[in-house]
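Taken in order, the sequence shown gives residues 1040 to 1562; the numbers are from the numbering used here.
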Amino acid sequence: MLSKLIVLIDINNMNCLIYAFVELFLLIVFLVCCNAGVTFSFILAGLSCVLNALCYAELASRLPAVVGGAYLYAYSAFNELTAFLVFGQLMIDYHIGAASIARSLASYVVTILEMFPVFKDNIPSWIGHGGEEFFGGTLSINLLAPFLLALLTVILCLGVGESSIVNSFMTVLKVIIVIIVIFVGAFEVDVSNWSPFAPHGVKEILTGATVVFFAYVGFDAVANSAEESRRPQRDLPLGIIGSLVICIALYIGVCLVLTGMVPYYLLGEDAPLAEAFTSKGLKYVSILISIGAVAGLTTTLLVGLYVQSRLYLGLGRDGLLPSLFSKVHPTRHTPIHSQVWVGIVAGTLGGLFNVHVLSHILSVGALTGYSVVSACVLALRWKDKTASQFSSRWTSAWREGVLCIVTVACCGFAAGLFYRFSASFIFLVVAVVIAILATAALCCRQTYTNPPGFSCPGVPIVPAVCVFFNMFLFAQLHHEAWVRFVVLSIIMVAIYAFYGQYHAKPGSDESIIYQRAPTEATR
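Dropping the structure here:
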């Protein structure tokens, strides 16, 4: 049971536990701005993600033994096109993220190798560090990144059992290292470094929360492991919420230790954790951090590739993609074609392009998926009691509910824009008030039922709050991310119009041999 829980907890895709280190490197600006107040930023962002996790947990319990995650939920609650659009946004995030993580992993592997004199300064840049750039940086050759991707792809193709062994070992290793970092660093903390705790006020803490939110992205990946879980109705909610709670605790611990060891204005921007421990004469901890980073990035990449292949598997079964993606190996019980395709795409991006420059257009898929999943919780609850819903002379109750959700989403995006560009506080208040009225309409004008299995508390308020805050964060993204969202949506609509709608297999009841959980085990 413990090993299964460890595997579920580690399916905290794209930004796993040890990836806190990488995220903290990127978020050093907020440490500089907010001192130890960044701890509150992580707490606020974590609480927001807990609400999203509750929505995911309900749907994972409700539709337990089928792969697909957010795509499956959108398909069940709305329609094929909505689900296909969600898939497109998520998949771009996953592909770019996997390639970027592979490059980071390659860099850390080279760093560890260079600890040995024989490799010191003898490894060329085109193997691991950064990459050899051509055509003004348009191409950036890195051979180690695609090699690592190929190795992990082979492990995943061998079967879930084999990949779980690697995953479990790396997970235990990185969690132990994070705990060691927190424990050792705690004895070097000078509490005077925490004063003032938030020198730039509450607004900077809120701004930090909008950014560190993305350090928690990935708990949704547990939902894509449904068919490998023996008791999905119990294990999936436990894995989703459990992984998130553990991440929150470790993030807070690392933040407090880091800002307590060294004054925030003395922290370096490239490797603040390593520099903090080195400044205290604890260089061996810096070495552990590098090893932990390799372990963490390996599991992050392993799970990321796993999730992508299962999403392709789901669309292949539904006919929205060629049937090749739906094929499953008869003995390994893994979607080898989908897995190899995912590895090829990530390997090409990671081996030929400096995908780090595309990082500012990431997180669009995560926020889109989270918002749609929250809306799915409401829509599926309505479907349970269609006959008892209110109706009006102008529109059906279901459409009225959808309109309320869209209103909440638009208000969240508008509030985010007003906050981002420091507009008048009145505009922000108006957006919030309209969202509250729309939520009140969801409470009063709709009838909800309790689904079997895990039930998200506070429906419809909790899902509505999730939609509002997710869209608030969407407004904080780089404007190129908005362009990406629009352009990719148009492309996905075109693909659906010319291919997907003619090959879709709605309601297909063909047998699924891909390790479906036994019926008695789901009870």
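C-beta: ideal position from N, C-alpha, C; glycine also.
Keep in mind the model is a prediction, meaning the values are calculated, not measured.
If you measure between the beta carbons of residue 1091 and residue 1258, is that distance less than 9 Å? Taking C-beta atoms as the reference points, residue 1091 and residue 1258 count as a pair closer than 9 Å.
Residue 1166 by DSSP, collapsed to three states: which one? Residue 1166 falls in the coil class under three-state DSSP.
If contacts are defined as beta-carbon pairs under 8 Å, then residue 1385 and residue 1182 qualify, I think. What distance do you get, rounded to the angstrom? With a Cβ gap of about 14 Å, residue 1385 and residue 1182 do not count as contacting.
In three-state terms, what does DSSP make of residue 1321? In the structure shown, residue 1321 sits in coil (DSSP, three-state: anything other than H, G, I, E or B).
At what residues does the beta strand (DSSP E) containing residue 1097 begin and finish? No beta strand (DSSP E) holds residue 1097; the alpha helix (DSSP H) holding it covers 1077 to 1101.
Can the beta-carbon of residue 1110 be found less than 9 Å from the beta-carbon of residue 1350? When the beta-carbon positions are compared, residue 1110 and residue 1350 come within less than 9 Å of each other.
Between which residues of its own chain and residue 1517 is the CB-CB distance below 6 Å, once the five residues before and five after are set aside? Counting only Cβ-Cβ distances below 6 Å, and skipping sequence neighbours, we find 1399.
Compare the C-beta of residue 1240 with all C-beta atoms of chain B and state if any pair is closer than 9 Å. Although the question refers to chain B, the structure presented lacks it and comprises just one protein chain.
From residue 1537 to residue 1119, what does the alpha carbon distance come to, in whole angstroms? So the alpha carbons of these two residues sit roughly 14 Å apart.
For residue 1179, the first and last residue of its enclosing beta strand (DSSP E): Its beta strand (DSSP E) spans residues 1178 to 1180.
Is it the case that the region 1361 to 1376 contacts the region 1238 to 1251, given that we only count it when at least three CB pairs across the two stretches are under 8 Å? Too few Cβ pairs lie closer than 8 Å, so no.
In terms of residue numbering, what span does the beta strand (DSSP E) encompassing residue 1173 cover? Under the DSSP assignment, residue 1173 falls in the beta strand (DSSP E) whose first and last residues are 1171 to 1173.
Using only the alpha-carbon positions, how far apart do residue 1207 and residue 1288 sit? If I take the Cα positions, the gap works out to 20 Å.
Classify residue 1376 as buried or exposed, calling it buried when 16 or more other Cβ atoms lie within 10 Å of its own Cβ. Per the 10 Å Cβ criterion, buried.
Put residue 1129 into one of helix, strand or coil per three-state DSSP. In the structure shown, residue 1129 sits in a helix (DSSP, three-state: H, G or I).
Tell me the rounded alpha-carbon separation between residue 1250 and residue 1507. C-alpha separation (whole angstroms): 16 Å.
Just to confirm, are residue 1261 and residue 1282 a CB contact at a threshold of 9 Å? Against a cut-off of 9 Å, the Cβ pair of residue 1282 and residue 1261 comes out as a contact.
Skipping 5 residues on each side, what residues in its chain have a beta carbon closer than 8 Å to that of residue 1459? Counting only residues of its own chain and dropping the five nearest sequence neighbours on each side, residue 1459 has a CB closer than 8 Å to the CB of 1514 and 1515.
With DSSP run on the structure shown, which of helix, strand or coil describes residue 1543? Looking at residue 1543 - three-state DSSP - the assignment turns out to be coil, as it is neither helix nor strand.
Hey, out of 1255, 1463, 1326 and 1408, whose CA is closest to residue 1086's CA? Residue 1086 has its Cα closest to that of 1255, out of 1255, 1463, 1326 and 1408.
Residue 1284 (DSSP reduced to helix, strand or coil): Under the three-state reduction of DSSP output, residue 1284 falls in the helix class.
If you run the structure through DSSP and keep just helix, strand and coil, what is residue 1495? DSSP places residue 1495 in coil when its eight states are reduced to three.
Could you tell me which of 1363, 1088 and 1156 sits nearest to residue 1279, measuring between CA atoms? When each option's Cα is compared against that of residue 1279, the closest is 1088.
Buried or exposed for residue 1213, going by 16 or more other Cβ atoms inside 10 Å? The residue in question, residue 1213, is buried, as its Cβ has 16 or more Cβ neighbours within 10 Å.
Grouping DSSP H, G and I as helix and E and B as strand, with all else coil, what is residue 1256? In the structure shown, residue 1256 adopts coil according to DSSP, grouped into three states.
Whole-angstrom distance between residue 1499 and residue 1481, CA atom to CA atom: It is roughly 7 Å from the alpha-carbon of residue 1481 to the alpha-carbon of residue 1499.
I'd like to know whether the C-beta atoms of residue 1379 and residue 1414 end up nearer to each other than 9 Å. Against a cut-off of 9 Å, the Cβ pair of residue 1414 and residue 1379 comes out as no contact.
Alpha carbon to alpha carbon, what distance is there between residue 1348 and residue 1485? Whole-angstrom Cα-Cα distance: 37 Å.
Span separating the alpha-carbon of residue 1332 from that of residue 1443: Whole-angstrom Cα-Cα distance: 44 Å.
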